[in-house]
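Undergrad:
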Amino acid sequence: MPPSPVEDMRAGSPDITVVVPCYCEVSNVGPLVDALTQALAGRDWEVVFVDDNSPDGTIEAVRELARTNWRVRGISRIGRRGLSTAVIEGALSSSATYIAVMDGDLQHDETRLGVMLDALASGRCDIAIGSRHVEGGDNSGLANAWRHALSNGGITLAQMILPVRVGDPMSGFFALRRDLFVRTAPRLSGAGFKILMDLILSAPVKVRVEEIPCTFKPRLAGESKLDVLVMLQFLGLMLDKLFRGWLPIRFLVFAFVGMIGIVVNIAIMNVLRLSGVDFPIAQTGGTFVAMLVNFWLDNTLTYRDRRLKGARLYGGLFVFLVVCSAGAWANIGIAQLFREGGQTFDRASATGAVIGVVWNYAVSSTLIWRRK
1 MPPSPVEDMR AGSPDITVVV PCYCEVSNVG PLVDALTQAL AGRDWEVVFV
51 DDNSPDGTIE AVRELARTNW RVRGISRIGR RGLSTAVIEG ALSSSATYIA
101 VMDGDLQHDE TRLGVMLDAL ASGRCDIAIG SRHVEGGDNS GLANAWRHAL
151 SNGGITLAQM ILPVRVGDPM SGFFALRRDL FVRTAPRLSG AGFKILMDLI
201 LSAPVKVRVE EIPCTFKPRL AGESKLDVLV MLQFLGLMLD KLFRGWLPIR
251 FLVFAFVGMI GIVVNIAIMN VLRLSGVDFP IAQTGGTFVA MLVNFWLDNT
301 LTYRDRRLKG ARLYGGLFVF LVVCSAGAWA NIGIAQLFRE GGQTFDRASA
351 TGAVIGVVWN YAVSSTLIWR RK
């Protein structure tokens, strides 16, 4: 039974804040609170669910529990998405000594939280990680071989650039002192779904880590968020850290999409040329198809946290085509100029397409997918 309002009155902040970023996890809210109640018995704790405006009523379930349980808090985010930024907002809302982060899908082994917090309190480490890839850990809860491959591939890449040895840098289950998080927060990129690596790479000092064996349990409800797009965002995070923030992740992803657009542009242009179409018309056709492909990829990947849906999707496409037509005409004109200067069709087309990518990035960030 939930604690009565009278019995659960208290003053001051707890020692531990468990931050749970979530999206469409309404069925898991109650069971997770019950599990934390058992796992953290005898400790002074709270849980903060950071919900990205889930359509399934996740935040309503959190609020219902919060009415009778002071340990439960909720943050509802409107117009923005992303696990990393959700963790940042949840952690910065806390006044606790320790911050723990775990998913809202019941796959993380909450019974290991006590061991992780004790490791921090003892001073043995700066970040305690619930690890699937040390002796005693278990990764069998991942849904299928494809997700195992994505996770293992990410781990291999991350270990190439991390300053400390971490067996499970893809873990979303970890704990650290709040003061370390606060000092690190201004340096975080806030991009993607894997904030642990961002924390380790962004910390103002070299951190000491301790990996606590844990089991990754099968998901009981909701849907997994791990997919190819998440891994591409993870690659973007790695590039951002390698470039030390000089190139924003969104620009790097946009440039990647632009490269795909260049390939599409050249392919369509060559097909039309082989069909006997004059170069200006062929380049126009290639440019138009590339714009459609770029819009779809940018809406799906580059601006995933600001994704357009419904009527806004079609409105955004219309504005994208109209406004970017200026860039397209510049694309065509520059390509024609290079062609008349003796360049090959491919080189002339690619040069024009690059000009279009630069223009489209400025338009996309300020007019199409602007932050609300």
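Mind the numbering: the sequence shown is residues 1 to 372 in full-length UniProt numbering, read in order.
Note that beta-carbon positions come from the ideal geometry of N, C-alpha and C, so glycine has one too.
1) Name, in chain order, the residues that DSSP records as bridge partners for T17.
2) Going by beta carbon distance, what residues of the same chain come within less than 8 angstroms of P163, once the five residues before and after it are set aside?
3) From R43 to P14, what does the alpha carbon distance come to, in whole angstroms?
4) Look up C22 in the DSSP assignment and give the residues it is bridged to.
5) Determine the DSSP secondary structure at V134, reduced to helix, strand or coil.
6) What residues in its chain sit with their C-beta under 8 angstroms from that of I281, if we drop five residues either side in the sequence?
7) Can you name the start and end residues of the beta strand (DSSP E) that V257 belongs to?
8) Quick one: grab the DSSP three-state call for S76.
9) Evaluate contact between the stretch 117-124 and the stretch 49-57, counting only Cβ atoms and requiring at least three cross-stretch pairs below 8 angstroms.
10) Suppose you measure from the CA of E64 to the CA of I368; what does that come to, to the nearest Å?
11) Just checking, does the stretch 182-192 make contact with the stretch 79-96 on the three C-beta pairs under 8 angstroms criterion?
12) To the nearest angstrom, how far is the alpha carbon of A267 from that of G285?
13) Is it buried or exposed for P169, if we count other Cβ within 10 angstroms and need 16 for buried?
14) State whether the stretch 165-181 contacts the stretch 66-78, with contact taken as three or more CB pairs (one from each stretch) at a distance under 8 angstroms.
15) Is DSSP giving L176 helix, strand or coil here?
16) Got a sec? Which residues, its chain only, sit under 6 angstroms from V115 by beta carbon, not counting five neighbours each side?
17) Suppose the cutoff is 8 angstroms on Cβ atoms and the five residues either side in sequence are ignored; what does the same chain contact list for N299 look like?
18) Going by the DSSP bridge assignment, what does residue 375 pair with across the sheet?
19) Under a Cβ-count criterion, where at least 16 other Cβ atoms within 10 Å of its own Cβ denotes burial, should L92 be classed as buried or exposed?
20) N68 by DSSP, collapsed to three states: which one?
21) Write down the C-beta distance between I16 and A100 rounded to the nearest angstrom, noting that I regard them as a contact closer than 8 angstroms.
22) Restricting to Cα atoms, I'd like to know which of W359, R80, M102, T215 is closest to residue 374.
23) Is T184 near the ligand ADP, judged by its Cβ being under 6 angstroms from some heavy atom?
24) Does the separation of the CB atoms of D56 and C22 fall below 7 angstroms?
25) Closer than 6 angstroms by C-beta to G136: which residues in its own chain qualify, once you throw out the five before and the five after it? Chain order, please.
26) Using a Cβ-Cβ cutoff of less than 6 angstroms, which residues in the same chain neighbour D103 once the five nearest sequence positions on both sides are dropped?
27) Going by DSSP, what residues sit across from T215 in a beta bridge?
28) On the DSSP letters alone, give me the boundaries of the alpha helix (DSSP H) that T85 sits inside.
29) Please classify T184 as buried or exposed, where buried requires at least 16 other C-beta atoms within 10 Å of its C-beta.
30) Among A61, T68, D105, G12, whose alpha-carbon lies nearest the alpha-carbon of P218?
31) Go to N294, then tell me how far its alpha helix (DSSP H) extends in each direction, as first and last residue.
32) Determine the contact status of I127 and V19, defining contact as a CB-CB distance below 7 angstroms.
TA: According to the data block:
1) E46, I99
2) I200, L201, K206
3) 9 angstroms
4) D51
5) coil
6) L272
7) Per DSSP, V257 belongs to no beta strand (DSSP E); it is in the alpha helix (DSSP H), 249-274.
8) strand
9) no
10) 37 angstroms
11) yes
12) 10 angstroms
13) buried
14) no
15) strand
16) I212
17) R307, L308, L313, G316, W369
18) With the chain covering 1 to 372 only, the question about residue 375 has no answer from this structure.
19) exposed
20) The sequence shown places Thr at residue 68, rather than the Asn named in the question. Coil.
21) 6 angstroms
22) Since the displayed the chain opens at 1 and closes at 372, residue 374 lies outside it and no answer follows.
23) In the structure on display, the ligand ADP does not appear, and there are no ligands present to speak of.
24) no
25) P213
26) G172
27) D138
28) 83-92
29) buried
30) D105
31) 279-297
32) no
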